[in-house]
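Colleague: Counted the way my numbering counts, the sequence shown spans residues 1497 to 2023.
Where a beta carbon is used, it is the ideal one built from N, C-alpha and C, also for glycine.
Model, not experiment: these values are computed from the prediction.
Pasting a structure here, questions to come.
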Amino acid sequence: MHILIAEDDENSRLMLSTALEARGHEVQAAPDGRQALELALAGTPDLIVSDILMPELDGYGLCRAVRAHPQLSGVPFVFYTATFTDRRDEELAYQLGADLFLVKPCEIDKLILELESAASRNAIRPVPSDADALYAERLRDKLDKKITELEEERTRLRDFAEAAADWFWETDMDGVIVHTSDGAWPLRGLTLNGLFAMRRPGLPRPDDPAQLAREVRSFRDVVIDWRQQDGSVRIMALSARPWRDATGHIAGYRGSARDVSRQVRAEEELRALNQELDERVRSRTASLKAAFEELESFSYSVSHDLRGPLRAIHGFASVLDTELNSPGVSGLPDSARDALQRILRAALRMEHLVDDLLELARVTRLPLQRQPVDLSALAQDITDALRNAEPSRQCDIRIQPGLLVAGDVGLLRIVLDNLLRNAWKFSAPTAHAQIEVGSEGKGQQAVIYVRDNGVGFDMAHADKLFHPFNRLHREGEFDGTGIGLALVQRIIRRHNGRVWARSEAGAGATFCFMLGDTETSLPSIAA
């Protein structure tokens, strides 16, 4: 069956067309009555389904034209409407010759059955002589109703506009403001170019006012300084878009002006405060940097200058010890000899401590040069040196191959040297000592670890690990100055990384570190 649909709503037209085509019907659709009539004359349909309220030619007019045309007068005609729904509308539809009057929405299956039934009946109602009068009456009623609705809508919009804090305005094609909301009367007679000339200095200018005027395009939040009659200034944000007249041609702008004085001034105050804060931060940072550099320089100088006197003390004490132990020398009590040995040991320890302090200052001063570093190879070199220094020592050392990172090779050697020497030292009392160097995870964010099964430490004191001179074991139990782990932490921090430890007293320790992001491209670290 060939069915013609006249419906101005696109969604309704598409839905009805799809449902009818799914039932095997051939469907043509038009967005208004005039086009529908042209399609019907071009090829007589078996059924016409029409809305009532449509542009160009409404449904009533289409029905009258169909019934008046000899070629179409016998075609079944069905109204399907959501606007004209009262009894008099239905009465007029039947007087004009409609076969069926249906009200939207209707269940689609039921609707299709009704349409197919109407097409099969093929009954045409006579058109009474007073249909024209009834048609005119219904159109007048609908027109009066629409006018009332539009007037109510106009009143509502005017109330909204007057209640709003914004100003509303309209220009002609020359940019002259010709209409405004009641509160915006000071804008009347001004031009957009005149308003644009008031743009607030110092704010971003995304649009050129002259270009806006030439192109006649929308703009948003053009901030101006509006000087009032009392001399005070209101900061306004202008937004607008072009509007078109009945012929479709651009006739000017319609827009709003919003008072943003409080917002802009708050932003300016915040900007000034941020600028002042930035200056303070820069000043404090510079002061702290200078103080830190001065402290580092002082620490380096003191440590360096201490080396001479310490070497003298150690040297003269060593000469005295040699002289006293020469054959034929006697008479010195044992307490004096013990005191001399204490002087020698203390001087040697101070020399080592000064050397470590100088190393700590040095790693801070050295420039950081990132490059691909093979930690596996570094670890192997260090452990080989440890074995050569104590060839009788038995220790199972396992180093995971392919530990590649991006960092300073010299500084990372210091890190591994300290961690491996600690593992070597603190695993010495263990019967079957084991040391492992490996990684957890993959890629440049892998965690590198050095693990041993030595004496370990109590995690309750772990916060002291990386502080200079802090040691978690008794004096004399293990040698060292307490600088090594502080050195490790400083180097890792220079690489934007972090270092931490896991341990349990008597069950060994694991020291872990990871380095920060880098632009150096590296292969993945194998897990």
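#1: Along the beta strand (DSSP E) that carries C2008, what are the first and last residues, could you check?
#2: Let me make sure I understand the geometry here. Which of G1593, L1916, T1579 has the alpha-carbon closest to that of P1572?
#3: Does DSSP put V1599 in a helix, a strand or coil?
#4: Jot down the residue ranges of each uninterrupted alpha helix (DSSP H) in the region 1974-2000, minimum 4 residues, whole runs only, in chain order.
#5: Could you pull out every residue in the same chain whose Cβ sits closer than 7 Å to the Cβ of Q1724, ignoring the five residues on either side in sequence?
#6: Give the single residue among A1782, P1601, R1695, D1504 whose Cα lies nearest to the Cα of D1554.
#7: Give the C-beta separation of V1597 and Y1590 to the nearest angstrom, bearing in mind that I take them to be a contact with Cβ-Cβ under 8 Å.
#8: Look up D1640 in the DSSP assignment and give the residues it is bridged to.
#9: Pull up the CB-CB distance for G1952 and E1886, whole angstroms please, since I reckon it's below 8 Å.
#10: Can you have a look at R1654 and say buried or exposed, based on whether 16 or more other CB atoms are within 10 angstroms of its CB?
#11: Starting from the Cα of R1807, find the closest Cα among L1844, D1637, E1765 and give me that residue.
#12: With 16 as the cutoff for other CB atoms within 10 Å, does L1683 come out buried or exposed?
#13: Does the Cβ of L1769 have 16 or more other Cβ atoms within 10 Å, making it buried, or fewer, making it exposed?
#14: How should I1746 be labelled, buried or exposed, when 16 other C-beta atoms within 10 angstroms of its C-beta is the threshold for buried?
#15: Residue range of the alpha helix (DSSP H) that W1920 falls in?
#16: Leaving out five residues on either side along the sequence, give the residues of the same chain with a beta carbon under 7 Å from the beta carbon of V1441.
#17: Ignore the nearest five residues each way along the sequence and tell me which others in C1920's own chain have a CB closer than 6 Å to its CB.
#18: Is it right to say P1624 is buried, meaning 16 or more other beta carbons lie within 10 angstroms of its own, or is it exposed?
#19: When you compare the CB of R1716 with every CB in chain C, is at least one pair closer than 8 Å?
#20: Secondary structure at R1650, three-state DSSP: helix, strand or coil?
#21: Would you call the region 1924-1939 and the region 1886-1901 in contact, with 3 or more CB pairs under 8 Å?
Modeller: Once the coordinates are examined:
#1: Residues 2005-2010.
#2: Comparing Cα positions, the closest option is G1593.
#3: Strand.
#4: Qualifying alpha helix (DSSP H) stretches, in chain order: 1980-1990.
#5: Same-chain partners within the cutoff: R1730.
#6: Checked all of A1782, P1601, R1695, D1504; the closest Cα to D1554 is D1504.
#7: It is Phe, not Val, that sits at residue 1597 in the sequence shown. Indeed they touch by this definition, with Cβ atoms about 7 Å apart.
#8: In DSSP, D1640 forms no bridge with anything.
#9: Actually they do not touch by this definition, with Cβ atoms about 21 Å apart.
#10: Exposed, by the Cβ-count rule.
#11: The residue with the shortest Cα to Cα distance from R1807 is L1844.
#12: Under this definition L1683 is a buried residue.
#13: Label assigned to L1769: exposed.
#14: Burial call: exposed.
#15: Looking at the DSSP string, the run of the alpha helix (DSSP H) that includes W1920 is 1905-1922.
#16: As displayed, the chain neither begins before 1497 nor continues past 2023, which places residue 1441 out of reach and without an answer.
#17: In the sequence under discussion, the amino acid at residue 1920 is Trp, which differs from the Cys named in the question. For W1920, the CB contacts under 6 Å within the same chain, skipping 5 residues up- and downstream, are L1882 in chain order.
#18: Because P1624 sits at a pLDDT of 48, beneath the cut-off of 50, its placement in the model cannot be relied upon, and the point is left open.
#19: Any reference to chain C falls outside this structure, which holds one protein chain only.
#20: Correct three-state label for R1650: helix.
#21: Here the region 1924-1939 lies against the region 1886-1901, with 3 or more beta-carbon pairs under 8 Å apart.
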